[in-house]
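Colleague: Following UniProt numbering, the numbering of the sequence shown begins with 1 at its first residue and continues without gaps. The C-beta atom is built at its ideal place from N, Cα and C for all residues, glycine as well.
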Amino acid sequence: MIQSMTGFGKSIVQLPSKKITVEIKSLNSKNLDINARIPSTYREKELELRKLIASSLVRGKIDLGLFIEMTGESTSTKVNPEVVREYMAQLSGLVEGDEMELLKMAMRLPDSLKTQREEINEDEYKAILNCVKEALEAINKYRTDEGNTLKIDFVQRVESIRSLLDQVIAMDPERIEQVRERLRKAVSELKENVDENRFEQELIYYLEKYDITEEKVRLTSHLDYFLEVLEGSQSNGKKLGFISQEMGREINTIGSKSNYAPMQKVVVQMKDELEKIKEQALNVL
Numbered sequence: 001m002i003q004s005m006t007g008f009g010k011s012i013v014q015l016p017s018k019k020i021t022v023e024i025k026s027l028n029s030k031n032l033d034i035n036a037r038i039p040s041t042y043r044e045k046e047l048e049l050r051k052l053i054a055s056s057l058v059r060g061k062i063d064l065g066l067f068i069e070m071t072g073e074s075t076s077t078k079v080n081p082e083v084v085r086e087y088m089a090q091l092s093g094l095v096e097g098d099e100m101e102l103l104k105m106a107m108r109l110p111d112s113l114k115t116q117r118e119e120i121n122e123d124e125y126k127a128i129l130n131c132v133k134e135a136l137e138a139i140n141k142y143r144t145d146e147g148n149t150l151k152i153d154f155v156q157r158v159e160s161i162r163s164l165l166d167q168v169i170a171m172d173p174e175r176i177e178q179v180r181e182r183l184r185k186a187v188s189e190l191k192e193n194v195d196e197n198r199f200e201q202e203l204i205y206y207l208e209k210y211d212i213t214e215e216k217v218r219l220t221s222h223l224d225y226f227l228e229v230l231e232g233s234q235s236n237g238k239k240l241g242f243i244s245q246e247m248g249r250e251i252n253t254i255g256s257k258s259n260y261a262p263m264q265k266v267v268v269q270m271k272d273e274l275e276k277i278k279e280q281a282l283n284v285l
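#1: Based on the DSSP secondary-structure assignment, which residues constitute the bridge partners of Val95?
#2: From Leu113, Ser244 and Ile68, pick the residue whose C-alpha is nearest to that of Pro81; which is it?
#3: Measure the alpha-carbon distance for Ile277 versus Leu240 and round it to whole angstroms.
#4: What distance in whole Å lies between the Cβ atoms of Ala54 and Ile34, which are believed to be in contact at a cut-off of 8 Å?
#5: Inspect the CB distances between the stretch 222-241 and the stretch 146-162 and report whether three or more fall short of 8 Å.
#6: For residue 305 and Val13, I'd like the C-alpha separation in whole angstroms.
#7: Please list, in chain order, all residues of the same chain as Gln167 whose beta carbon is under 6 Å from its beta carbon, the five residues on each side excluded.
#8: Between the C-alpha atoms of Gly248 and Ile161, what's the straight-line distance to the nearest angstrom?
#9: Apply the 10 Å Cβ neighbour rule to Ile24 and answer buried if 16 or more other Cβ atoms are within range, or exposed otherwise.
#10: Counting pairs of beta carbons, one from the stretch 213-227 and one from the stretch 178-185, are three or more of them closer than 8 Å?
#11: Short of 7 Å in beta carbon distance, which residues of its chain neighbour Leu27, apart from the five on each side in sequence? Order them along the chain.
#12: What are the start and end residues of the alpha helix (DSSP H) that includes Lys238?
#13: Considering only C-alpha positions, which residue in the set Val284, Asn31, Ile68 and Asp63 is nearest to Tyr125?
#14: Give the DSSP-derived three-state secondary structure of Asn169 in the structure shown.
#15: Taking the CB atoms as reference points, tell me whether Arg157 and Glu273 lie closer together than 8 Å.
#16: Is the CB-CB distance between Val22 and Lys30 below 8 Å?
#17: I think Glu279 touches Glu250, with their Cβ atoms under 8 Å apart; what is that distance to the nearest whole Å?
#18: Give the single residue among Glu101, Ser163, Lys18 and Asn121 whose Cα lies nearest to the Cα of Lys45.
#19: Among Pro16, Ser92, Tyr87 and Ile128, which residue has its Cα nearest to the Cα of Leu109?
#20: With 16 as the cutoff for other CB atoms within 10 Å, does Asp172 come out buried or exposed?
#21: Report yes if the C-beta distance between Ile2 and Leu227 is below 8 Å; otherwise report no.
#22: Near Ser56, which residues of its chain fall below 6 Å by C-beta distance, leaving aside the five closest residues on each side in sequence?
#23: Kindly provide the ranges of any alpha helix (DSSP H) runs that are 4 or more residues long and lie completely inside the stretch 17-80, ordered along the chain.
#24: The alpha helix (DSSP H) with Ser112 in it runs from where to where?
#25: Taking just the CA atoms, how far does Thr41 sit from Asp98?
#26: Within its chain, find whatever has a CB closer than 6 Å to the CB of Lys19; leave out the 5 residues flanking it on each side and keep chain order.
#27: According to DSSP, Ile128 sits in a beta bridge with which residue or residues?
#28: Apply the 10 Å Cβ neighbour rule to Lys151 and answer buried if 16 or more other Cβ atoms are within range, or exposed otherwise.
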């Protein structure tokens, strides 16, 4: 089972006087990077919330948004009447105007409003924790669904590379024969007598340099291992990335050894499929 690092989860809970909304978004990243936007009242709980998110999402660029909306009559912001009256008295000595206009001016000046720091309500915080957990469940489901889509794409591209490898294997005897004929022709053009035994020995040595048997076996093994990791119980994008690098080495070596245009065309197709696999592997948890 694989999971994508891309996901979104949201949860809302309604309390008697407050509406709590938690939103969690994740994008791909090599490490865990959490950006938290929470009200100042709950700053002391930020570390606990970060640990909860880290244990659930493991890796990725994570954005946590905690929004608290007042829906009742209570508010932590109060008018400071003494300050407002003093402002109005000073303003009336500077300009003429009715009290309503002076009040509007006074309310825009510093300290006209005072905000009382709220203490953390434990029942409210429990509701917030439950809300965060629900959002984490939602984003993990999203990641799993995205992972299933990625898995289908991975399997199709791996099988495409396997099919292209079968084409390489099928044309290999023809390739070797063409290399052999090119060598014989090159020698005959020298118009010199050649020791056939020595020529055969040199030919064998030369052909061994172009032999791709080991690369074909290793590439097949890497393709099988990639599919095995896809079916594993844990999502491991880094391992998939390492395997795809090894696949790339074998494909590149086949290309450099082929010395045969039709085979090189097939190798280019294999490289194209592998690049798409590598791109998608970056988004796997």
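Modeller: So, to answer that:
#1: Beta-bridge pairing links Val95 to no other residue.
#2: Leu113
#3: 9 Å
#4: 7 Å
#5: yes
#6: The question about residue 305 has no answer, for the chain in this structure spans 1 to 285.
#7: Val266.
#8: 11 Å
#9: buried
#10: For the pair of segments examined, the stretch 213-227 was found not to touch the stretch 178-185: the number of CB pairs separated by less than 8 Å stays below three.
#11: Met5, Thr6, Gly60 and Lys61
#12: Gly237 to Ser258
#13: It is Ile68.
#14: Checking the sequence shown, residue 169 turns out to be Ile, not Asn. Note: Ile169 maps to helix in three-state DSSP.
#15: yes
#16: no
#17: In fact, because the Cβ distance is near 19 Å, the residues do not count as touching under 8 Å.
#18: Asn121
#19: Tyr87
#20: buried
#21: no
#22: Leu136
#23: 46-57
#24: Counting along the chain, Ser112 falls outside any alpha helix (DSSP H), and DSSP gives it neither H nor E.
#25: 39 Å
#26: If you ignore the 5 residues before and after Lys19, its C-beta comes within less than 6 Å of the C-beta of Glu69 and Thr71, all in its own chain and listed in chain order.
#27: Paired residues: none, contrary to the question.
#28: So Lys151 counts as buried.
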